[in-house]
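Numbering (my numbering), first residue to last: 4 to 313.
Taking it in order: structure first as structure tokens, then the write-up.
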DNA sequence: AAAGCGGGGCT
DNA sequence: AGCCCAGCTTT
């Protein structure tokens, strides 16, 4: 039986990290609406879903419109799905919009219309994984959950692990380390979660970190090692000519035109210009449309015309 | 563990 | 032309 690797090296002064991050956060935290004391848990939940793989600046206007239109889970649960997909606009990954509505319906049915505080109950909702469950529980309800997103992973990988970037996927060892770094006091735990994320978003960024402005620079294992470059080259994300581009163009066309005749959809999509020079072949076109129908993102009416599902 | 899934802005 | 972003689900 091998000796388990210690989650945090003994050389790391954990209380000092806490003070540094909490002091920095108290001064530099952005004034985001879902952090307001007036923001209900539903607003936090909506923000977390929208922020999955989508930057804050793009989420802000959609979030405000969303909360104004559907101020409670019951409001979203009762909305036509077509309206939900249209309001999602161009945030990307529109399946998130479907799942958010499914989650709202589950909240109405299983939780009396109130967003649950328990991470397990949150995790059981559609579209809510390990991160989002912990984030809502911590940020909306102040429970001392361990919140680990891409920002937290990067800050810990550098400051404690001495690595330039974390690996491709979140490991159990990383979760253990993040858990070991949590402050005991619940209020400080909540601020730590938000503060480390904010530090990763504003200072300890992926591409060109501003170490001269970082409150952890003196204690950072990566800086101490001379800030070596990342060992693992990132996996490139292809876009032009992919199914994702074609699916996105179809969604954009339906969003803009509403209902599109079945034999005209392809022409509308190509004319939309979102595909650039790419022209999908028959096989790709059929695959993408069939996929959107199967995903519940697209529907056909009795005349065979395409539209968002009602 | 890896692949699929959107879209835009920045280097 | 890449790379990145408050991930989740399925294989």
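Glycine is no exception: its CB is placed at the ideal position from the N, C-alpha and C atoms.
Keep in mind that this is a model prediction, so the values were computed, not measured.
Quick check on residue i: buried or exposed, where buried means 16 or more other Cβ atoms within 10 Å of its Cβ?
i: residue 152; result: buried
i: residue 286; result: exposed
i: residue 91; result: buried
i: residue 157; result: buried
i: residue 21; result: buried
i: residue 193; result: buried
i: residue 104; result: buried
i: residue 234; result: exposed
i: residue 305; result: exposed
i: residue 140; result: buried
i: residue 51; result: buried
i: residue 83; result: exposed
i: residue 1; result: Since the first and last residues shown for the chain are 4 and 313, residue 1 lies out of range.
i: residue 264; result: exposed
i: residue 4; result: Because the pLDDT at residue 4 is just 33, under 50, the model does not fix this residue reliably, and the value given afterwards should be weighed accordingly. Counting Cβ neighbours within 10 Å, residue 4 comes out exposed, since fewer than 16 surround it.
i: residue 198; result: buried
i: residue 162; result: buried
i: residue 252; result: buried
i: residue 215; result: exposed
i: residue 186; result: buried
i: residue 250; result: buried
i: residue 99; result: buried
i: residue 201; result: buried
i: residue 229; result: exposed
i: residue 33; result: exposed
i: residue 180; result: buried
i: residue 203; result: buried
Residue i bridges to which residues according to DSSP?
i: residue 272; result: Note: residue 272 sits in no beta bridge, so no partner.
i: residue 309; result: 263, 303
Round the Cβ separation of residue i and residue j to the nearest angstrom and send it over; I've been treating them as touching at under 8 Å.
i: residue 278; j: residue 271; result: Incorrect: roughly 11 Å between the Cβ atoms, too far for contact.
i: residue 183; j: residue 10; result: 4 Å
i: residue 268; j: residue 209; result: At roughly 38 Å, the Cβ-Cβ gap does not stay under 8 Å, so residue 268 and residue 209 are not in contact.
i: residue 24; j: residue 76; result: Their Cβ separation, rounded to whole angstroms, is 33 Å, which puts residue 24 and residue 76 out of contact at 8 Å.
i: residue 155; j: residue 137; result: Not a contact, Cβ separation roughly 10 Å.
i: residue 57; j: residue 94; result: 5 Å
i: residue 45; j: residue 218; result: Going by Cβ atoms, the distance from residue 45 to residue 218 rounds to 33 Å, so no, they are not a contact pair.
i: residue 396; j: residue 129; result: Outside the displayed range of the chain (4 to 313) lies residue 396, so it cannot be described from this structure.
i: residue 62; j: residue 54; result: 6 Å
i: residue 165; j: residue 224; result: 4 Å
i: residue 19; j: residue 222; result: 6 Å
i: residue 2; j: residue 126; result: The chain is shown only over 4 to 313; residue 2 falls outside these bounds and no answer can be derived.
i: residue 124; j: residue 79; result: Not quite, the Cβ-Cβ distance comes to about 18 Å (not below 8 Å), so this is no contact.
i: residue 70; j: residue 87; result: No, residue 70 and residue 87 are not in contact; Cβ-Cβ is about 14 Å, not under 8 Å.
Identify which residue in the options has its Cα closest to the Cα of residue i.
i: residue 244; options: 282, 18, 84, 236; result: 282
i: residue 195; options: 174, 236, 146, 171; result: 146
i: residue 254; options: 116, 42, 300; result: 300
i: residue 30; options: 296, 129, 205, 130; result: 205
i: residue 97; options: 107, 16, 85; result: 85
i: residue 37; options: 66, 177, 252, 240; result: 66
i: residue 257; options: 124, 94, 311, 216; result: 311
i: residue 226; options: 240, 242, 207; result: 207
i: residue 64; options: 44, 48, 80, 35; result: 35
i: residue 41; options: 74, 27, 59; result: 74
i: residue 313; options: 115, 89, 293, 230; result: 89
i: residue 291; options: 284, 307, 246; result: 246
i: residue 120; options: 228, 232, 252, 47; result: 47
i: residue 39; options: 12, 144, 14, 188; result: 144
i: residue 232; options: 239, 181, 212; result: 212
i: residue 2; options: 160, 303, 14; result: The requested residue 2 does not occur in the structure, where the chain is confined to residues 4 to 313.
i: residue 242; options: 79, 80, 99, 280; result: 280
i: residue 239; options: 171, 220, 32; result: 171
i: residue 275; options: 293, 248, 308; result: 248
i: residue 15; options: 220, 230, 72; result: 220
i: residue 342; options: 17, 177, 142, 114; result: What is shown of the chain runs 4 to 313, which leaves residue 342 out entirely.
i: residue 191; options: 148, 294, 72; result: 148
(message) Quick check on the DSSP output: what are the complete alpha helix (DSSP H) runs of length 4 or more inside the segment 104 to 164, in order along the chain?
(response) 122 to 126, 133 to 144, 153 to 162
(request) May I have a chain-ordered list of the alpha helix (DSSP H) segments no shorter than 4 residues that lie completely inside the segment 212 to 239? (result) 224 to 227
(request) At 4 residues or longer, and completely inside the segment 19 to 99: list those alpha helix (DSSP H) runs for me, N to C. (result) 44 to 53, 59 to 72, 76 to 80, 84 to 91
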